[in-house]
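Asker: Heads up: the protein sequence lines correspond to chains U and W, in order.
To convert a position in the first sequence, counted from 1, into the working numbering, add 168.
To convert a position in the second sequence, counted from 1, into the working numbering, add 168.
Can you keep this structure in mind? I'll have questions shortly.
2 protein chains.
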Amino acid sequence: MTTIERPPPRVRFDDAQIEMSHGAGGKASRRLVEGLIAPLFANAVLAKLSDAAALSLGGAAYATTADSFVVKPLRFPGGSIGELAVNGTVNDLAVSGARAEALMAAFILEAGLPTTTLRAEVEAMAEAASRAGVAIVGGDTKVVEHGACDGMYVTTFGVGKIDGRLTLDPRSVRTGDRVLLSGPIGDHGITILLARGELDLEADLSSDTRSVWPYVSALLDTCADSVRWMRDPTRGGVATSLNELARDSGLGIVLYEEAVPLRREVRGACEILGLDPLHIANEGQFLAIVAERDADRALAAVRAVAGGEGATLIGEVRAEPARQVLGISAYGGTRVIDMLVGDPLPRIC
Amino acid sequence: MTTIERPPPRVRFDDAQIEMSHGAGGKASRRLVEGLIAPLFANAVLAKLSDAAALSLGGAAYATTADSFVVKPLRFPGGSIGELAVNGTVNDLAVSGARAEALMAAFILEAGLPTTTLRAEVEAMAEAASRAGVAIVGGDTKVVEHGACDGMYVTTFGVGKIDGRLTLDPRSVRTGDRVLLSGPIGDHGITILLARGELDLEADLSSDTRSVWPYVSALLDTCADSVRWMRDPTRGGVATSLNELARDSGLGIVLYEEAVPLRREVRGACEILGLDPLHIANEGQFLAIVAERDADRALAAVRAVAGGEGATLIGEVRAEPARQVLGISAYGGTRVIDMLVGDPLPRIC
């Protein structure tokens, strides 16, 4: 590791206290990380601010990632905190071009937590890890008093070797590149929102939590040298991930709004609640920027994997509007799509 | 990673709910991990149940470790949660024979946490990392509602290359080997207890939080091939670490009770509170089992490093009492020293 001089913070963090929005994955989260944490931890690796850090270990390039999971409720249709804790980490590595090789899990448990609840989550983690072909090699357990955490929190670390055929860098993105999305958006966030039972709203919907590695792997086997950038659009959704890309690449991202795959139930819930599906968290999807020449082959490769049938090319990279995401409707209308602001959906993962 | 068949659990975990003692690092913690978590996560690496896991990355042997920190209060004489989060992880790697190369940090923050509090801890982490010569390369930030965590929790992950001169294995321990302790015990645990202000007790005492790598490094440079086993006696204290060694080696550990270095203030507080200093957590000490032939050289090497002057040979390995730790007083009296039971000092790290 090479430590570099602390760079001047590009972003100021003047907020007097931490708010829910600082954990939502959108603008406020970015300000907290860029304006406070990153400048203090300044070094060459963290300066990239990606979800996973690349390290040279034993002469090979490895991706590592860390994520805390505080989702509420602990169990929801299609998944649970334990499953998210594994899949979320596997997916952070996948979009870094790495198959997860080993995970570690650290538990913070509330005194009084029923053992059946803990056992169910440890089992969910073991099963998700088994499905993803990754070992959980160690961890830690702490207990806090009843009331000092909300049931249980899980922090997962993952490590995996980066596919040597791949060079991911937002600065390698070029105009004409296509935006590939692996499937319908918003299932996870809306499922969690409904599972809390606070809204008078029901829908036949499940979280999309899954490992995206099989799809990423198919993509890399098909055209690794045409893949410029990948991201799993979790907190803050597709809009936030693509805004980060627009900013980091200096280019404009144009979305064909009607092309974005979206279940009827998610669209309906978002309309009623005044939410933009592009801001809703996903836990089993990924975005890839692929060179135009290979975009159709890339799409076919992802669609050929079971569960990848919903993959779609949802947009393209243009020179303008620089550093912005622009939605274009079928009728030619346009709108600027911003990052998530505030936290309409707290504790989604 | 090779996944092995799930071994039959040697320990049953029948408790209906999680209690503070399950997080205290003693017997109850061990039952939770061995009886519930490890059998479900079963694989070749976790089966060793050490604080750090050894992984082969890029053909080299690396140690990895994960720890959550939930210490209360966040700041205390001599340190703070951020400093512990770095030193604790650096030390877990050190006693695996690895200098920490990279850390990741995941924060769970409570809404309403003053930014000054967070900034102070991020600064403490950056400073501790700088002192230990390790980079913090990434992380995560989640925010939960006010009341859903106690200020902030930090989970740290670390990785470092294992010194190739070293083979650490409790099964390599032999009768006649000596027990080396790096300095006085109990400072951290008693400092935290007093810092809570719940007891009508005061003492001029500071946490011993520090990186133990300089001492471990000196030891390895002197006699790496005579070092059989190392451990940082945190939760559960020296007694718990040595009981784990006794169990894993099948041998008996004899402690010369009067030789164990102990500050007057710690001894006094323990007497008043009815605690055994051997059960109190340390955050800047380590234990090493060293072959008899090199024990004196090993001691001299650790003592020669600034801050290592308090190192002492506190005991030896005998065939009997097998799988137990036995204290011997200067007058020839003996007592069996057990692992920590219950949780007299919750949230110590």
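Cβ coordinates follow ideal geometry from the N, Cα and C atoms, glycine included.
Leaving out five residues before and five after Arg465 of chain U in sequence, what residues of the same chain have Cβ atoms less than 8 Å from its Cβ?
Answerer: Thr390 and Cys391
Asker: Residues of chain W with a CB under 8 Å from the CB of Asn211 of chain U: which are they?
Answerer: From the beta-carbon of Asn211 of chain U, the residues of chain W found nearer than 8 Å are Ala303, Ile304 and Val305.
Asker: Under 8 Å between beta-carbons, which chain W residues line up against Asp416 of chain U? List them in chain order, please.
Answerer: Here the premise fails: no neighbours, minimum Cβ distance about 16 Å.
Asker: Measuring CB to CB, does Ala288 of chain W end up less than 8 Å from Thr323 of chain W?
Answerer: It is not a contact, given that the beta carbons lie outside the stated cut-off.
Asker: I'd like to know whether the C-beta of Ile205 of chain U is nearer than 8 Å to at least one C-beta of chain W.
Answerer: yes
Asker: Using the C-alpha atoms, what's the distance from Thr480 of chain U back to Tyr499 of chain U?
Answerer: Rounded to whole angstroms, Tyr499 of chain U to Thr480 of chain U spans 20 Å at the Cα level.
Asker: Report all residues from its chain with a CB closer than 7 Å to the CB of Ile330 of chain W; omit the five preceding and five following residues, and keep chain order.
Answerer: Ala222, Ala229, Tyr230, Ala231, Ser264, Gly265 and Ala266
Asker: Nearest to Ala469 of chain W by CA position, among W:Leu413, W:Ala206 and W:Leu387, is which residue?
Answerer: That would be W:Leu387, whose Cα lies nearest to the Cα of Ala469 of chain W.
Asker: Taking 8 Å as the threshold (C-beta atoms), are Cys517 of chain W and Arg403 of chain W in contact?
Answerer: yes
Asker: Over what stretch of residues does the beta strand (DSSP E) that includes Arg396 of chain W continue unbroken?
Answerer: Val395 to Arg399
Asker: If the cut-off is 7 Å on Cβ atoms, which residues from the segment 186-197 of chain U count as contacting chain W, listed in chain order?
Answerer: Ile186, Glu187, Met188, His190, Gly191 and Ser197
Asker: Ala234 of chain W versus chain U: which residues are under 8 Å apart at the beta carbon?
Answerer: Met272, Ala273, Ala274, Gly306, Gly307, Asp308, Thr323 and Phe325
Asker: Would you please state the rounded distance, in angstroms, between the beta carbons of Ala490 of chain W and Gly420 of chain W? I believe it to be under 8 Å.
Answerer: 6 Å
Asker: Label Arg431 of chain U either buried or exposed according to how many other C-beta atoms from any shown protein chain fall within 10 Å of its C-beta, with 16 as the threshold for buried.
Answerer: With 16 or more other Cβ atoms from the protein chains shown falling within 10 Å of its own Cβ, Arg431 of chain U counts as buried.
Asker: Return yes when at least one heavy atom of the ligand GDP lies under 7 Å from the C-beta of Arg396 of chain U, else no.
Answerer: Questions concerning the ligand GDP fall outside what the structure shown contains, since it holds no ligand whatsoever.
Asker: Distance check for Leu443 of chain U and Ala371 of chain U, CA to CA, integer angstroms please.
Answerer: 16 Å
Asker: Within a Cβ cutoff of 6 Å, which residues of the same chain sit near Pro176 of chain W, ignoring the five residues on either side of it in sequence?
Answerer: Here the model assigns Pro176 of chain W a pLDDT of 49, short of 50, so the residue's position is not dependable, and the following value carries that caveat. So no residue of the chain qualifies.
Asker: If distances are taken between C-alpha atoms only, which option among W:Ala210, W:Gly475, W:Val473 and W:Leu446 comes closest to Val509 of chain W?
Answerer: Residue W:Leu446 is the option with its Cα nearest to Val509 of chain W.
Asker: Could you tell me whether the Cβ of Thr283 of chain W comes closer than 8 Å to any Cβ of chain U?
Answerer: yes
Asker: Name the chain A residues whose beta carbon is nearer than 8 Å to that of Val290 of chain W?
Answerer: Considering every chain present, this structure includes no chain A. Its protein chains are U and W.
Asker: Applying the criterion that 16 or more other CB atoms from any shown protein chain within 10 Å of the CB defines a buried residue, is Glu173 of chain W buried or exposed?
Answerer: Per-residue confidence for Glu173 of chain W stands at a pLDDT of 39, beneath the threshold of 50, marking its modelled position as unreliable; the derived number appears in the next sentence. Glu173 of chain W should be labelled exposed.
Asker: Around the C-beta of Ala294 of chain U, are 16 or more other C-beta atoms found within 10 angstroms, so that it is buried, or is it exposed?
Answerer: buried
Asker: Beta carbons nearer than 7 Å to chain U: which residues of the segment 413-440 of chain W have them?
Answerer: none
Asker: Please tell me whether Phe325 of chain U and Met272 of chain U are closer than 8 Å, where the distance is taken between their beta carbons.
Answerer: Yes, they are a contact pair.
Asker: Could you work out which residues of chain U lie near Arg515 of chain W, taking near to mean beta carbons separated by less than 9 Å?
Answerer: Lys310, Val311, Val312, Glu313 and Ala316
Asker: Would Ala468 of chain U count as contacting chain W if we go by Cβ distances under 8 Å?
Answerer: no
Asker: Which runs of the alpha helix (DSSP H) at least 4 residues long sit entirely within the segment 451-488 of chain U? Give them in chain order.
Answerer: Counting only runs of 4 or more, we get 463-471.
Asker: Let me confirm a value: Ser497 of chain U is counted as buried when at least 16 other C-beta atoms fall within 10 Å, else exposed. Which label applies?
Answerer: Classification of Ser497 of chain U: exposed, given that the 10 Å Cβ count is below 16.
Asker: Could you tell me whether any Cβ in chain U is nearer than 8 Å to the Cβ of Arg287 of chain W?
Answerer: yes
Asker: Of the choices W:Ala297, W:Thr309, W:Thr285 and W:Gly226, whose alpha-carbon is the least far from that of Ala192 of chain U?
Answerer: W:Thr309
Asker: Among the residues of its own chain, which have a CB less than 6 Å from the CB of Asp511 of chain W, if the five just before and after it don't count?
Answerer: Met188, Ser189 and Ala192
Asker: Would you list the one or two residues that DSSP bridges to Ser236 of chain U?
Answerer: U:Thr323
Asker: Can you tell me which of W:Leu286, W:Pro429 and W:Gly226 puts its alpha carbon nearest to the alpha carbon of Glu251 of chain W?
Answerer: Ranked by Cα distance from Glu251 of chain W, the options W:Leu286, W:Pro429 and W:Gly226 are led by W:Leu286.
Asker: Residues bridged to Leu443 of chain W by DSSP?
Answerer: Under DSSP, no beta-bridge partner is assigned to Leu443 of chain W.
Asker: Might you give, ordered along the chain, the residues of its own chain that have their beta carbon closer than 8 Å to the beta carbon of Arg378 of chain W, omitting 5 neighbours on each side?
Answerer: Answer for Arg378 of chain W: Asn255, Glu451, Gly452 and Gly475, listed in chain order.
Asker: Between the Cα of Val422 of chain U and those of U:Glu313, U:Arg346, U:Thr283 and U:Leu513, spot the shortest distance and give me the residue it belongs to.
Answerer: U:Arg346
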